[in-house]
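**Student:** After the structure tokens below, expect a handful of questions from me.
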Amino acid sequence: MRIANLSGRLVLVDGTVALDVHTASAGRFGPSPSDAFADWGAFSQWAQQVDVATHAQRAPFSTADLGAPSPLPRQVVAVGLNYADHAAESGLPLPDEPVVFTKFASSVAGPEVSVRLPGETVDWEAELVIVVGRGGRDIAREDALSRIAGLTVGQDLSERSVQWQATPPQFSMGKSFENFTPTGPVIATLDEFADPDRLAISATIIAADGTSTRVQDGSTDQLVFGIAELVSRLSRTLELLPGDLIFTGTPPGVGAGMDPKRFLVDGETLVTEIEGIGSIVQRFHA
Numbered sequence: 001m002r003i004a005n006l007s008g009r010l011v012l013v014d015g016t017v018a019l020d021v022h023t024a025s026a027g028r029f030g031p032s033p034s035d036a037f038a039d040w041g042a043f044s045q046w047a048q049q050v051d052v053a054t055h056a057q058r059a060p061f062s063t064a065d066l067g068a069p070s071p072l073p074r075q076v077v078a079v080g081l082n083y084a085d086h087a088a089e090s091g092l093p094l095p096d097e098p099v100v101f102t103k104f105a106s107s108v109a110g111p112e113v114s115v116r117l118p119g120e121t122v123d124w125e126a127e128l129v130i131v132v133g134r135g136g137r138d139i140a141r142e143d144a145l146s147r148i149a150g151l152t153v154g155q156d157l158s159e160r161s162v163q164w165q166a167t168p169p170q171f172s173m174g175k176s177f178e179n180f181t182p183t184g185p186v187i188a189t190l191d192e193f194a195d196p197d198r199l200a201i202s203a204t205i206i207a208a209d210g211t212s213t214r215v216q217d218g219s220t221d222q223l224v225f226g227i228a229e230l231v232s233r234l235s236r237t238l239e240l241l242p243g244d245l246i247f248t249g250t251p252p253g254v255g256a257g258m259d260p261k262r263f264l265v266d267g268e269t270l271v272t273e274i275e276g277i278g279s280i281v282q283r284f285h286a
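Structure, rendered in structure tokens:
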């Protein structure tokens, strides 16, 4: 199933139509997108029985009205150097443990959003994002997938000068400006994928004149720590909470790794796409 935030309301999506959950469930589940996580087990069991495509209450919708599918996560966890080919690009060894930082929750945004550039070194990082369903502590690897609500597309936007300005560096500050954590367009549950560990992931920059450049073109089969492994390892320290977001890392092709370096500028548009989930769009202005 595909879960979305449509104009601030929890919906199920099938193609170009959406079904309002609060209405269709006769009030059993609340109208807020966050209500999906309040009782994830009951909600997912109900939603799996619903045929959105033929439901009498389905209605067409505009993608411009979609918001962040988990709009109020209590924790946004991000993992660095988690693609083998990105670590090679950076000239760094593969980590033995996940390299973890956070993006503050106030930076979470929807799939189509305008982003003000706070500096001249704003970089892109296309990422597969895990959305926590049931969560918990000390989750065994073999149980990890059952604790996940699904997967969504994310961008770990980073103001590199701010990220590296202190000693030691303050990753979270450089990655948490307004709208620096766009996500969406939907949460796709794991049964939507033939193999959730092997998904194409890309980022494309469209210049003001319409010129398009594919800057990232990778696959999640390069993840050093896969989906289940990340959930299990993180839960040894954190209590993963319903609706939390886990950014799983980025493939090669970020601007800071280019020679010469390239960063986002006024008038550019960034499109990030992951196979089986969809795409998100950010438009940048000075």
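Just so you know, full-length UniProt numbering puts 51 at position 51 of the sequence shown, and the rest follows in order with no gaps. All residues carry an ideal CB built from backbone N, CA and C; glycine is no exception.
(1) Going by the DSSP bridge assignment, what does N82 pair with across the sheet?
(2) Could you check the C-alpha separation between I130 and L264 for me, to the nearest Å?
(3) Would you list the residues sitting across from L223 in a DSSP beta bridge?
(4) With distances taken between CB atoms, is the gap from S34 to K103 smaller than 8 Å?
(5) Could you check if T23 is buried or exposed, using at least 16 other CB atoms within 10 Å of its CB as the buried criterion?
(6) Taking buried to mean at least 16 other C-beta atoms within 10 Å of its own C-beta, is R160 buried or exposed?
(7) Can you tell me which of G276, E275, D266 puts its alpha carbon nearest to the alpha carbon of Q282?
(8) In this structure, how does DSSP classify residue 287 when only helix, strand and coil are distinguished?
(9) Assuming E268 contacts A208 (C-beta within less than 8 Å), just tell me the rounded distance between them.
(10) When DSSP labels each residue in this structure, what does Q170 get in the three-state scheme?
(11) What residues in its chain sit with their C-beta under 6 Å from that of I206, if we drop five residues either side in the sequence?
(12) I need the boundaries of the alpha helix (DSSP H) containing V21, first residue and last residue.
(13) Helix, strand or coil: which one does DSSP assign to S176?
(14) Quick check on Q155: does DSSP put it in helix, strand or coil?
(15) Check L264 in the structure and name its three-state DSSP category.
(16) Taking F37 as part of the alpha helix (DSSP H), name the residues at either end of that continuous run.
(17) Are V76 and A38 touching if we call contact CB-CB under 8 Å?
(18) Can you tell me where the alpha helix (DSSP H) holding V162 begins and where it ends?
(19) When burial is assigned at 16 or more other CB atoms within 10 Å of the CB, is E120 buried or exposed?
(20) Tell me the start and end of each unbroken beta strand (DSSP E) in the segment 46 to 108 that is at least 3 residues and wholly inside, in chain order.
(21) Helix or strand or just coil, what does DSSP make of D259?
(22) Which of the three DSSP states is assigned to D209 in this structure?
(23) Rounding to the nearest angstrom, what Cα-Cα distance links E192 and G276 in this structure?
(24) Can you tell me where the beta strand (DSSP E) holding P182 begins and where it ends?
(25) At what residues does the beta strand (DSSP E) containing V131 begin and finish?
**Tutor:** So, from the data block:
(1) The partner list for N82 (beta bridge, DSSP) is empty, contrary to what the question assumes.
(2) 26 Å
(3) Y83
(4) Cβ atoms of S34 and K103: not closer than 8 Å.
(5) exposed
(6) buried
(7) D266
(8) Shown here, the chain extends from 1 to 286; a query on residue 287 therefore has no answer.
(9) 7 Å
(10) The answer is coil: DSSP assigns Q170 none of H, G, I, E or B.
(11) S212, T269
(12) 21 to 24
(13) coil
(14) strand
(15) coil
(16) DSSP places F37 in the uninterrupted alpha helix (DSSP H) bounded by 35 to 38.
(17) Going by C-beta atoms, V76 is not nearer than 8 Å to A38.
(18) 160 to 163
(19) E120 is exposed by the Cβ-count criterion.
(20) 76 to 80, 99 to 102
(21) Reduced to three states, the DSSP call for D259 is coil.
(22) coil
(23) Spanning the two alpha carbons is a distance of roughly 7 Å.
(24) 181 to 188
(25) 126 to 132
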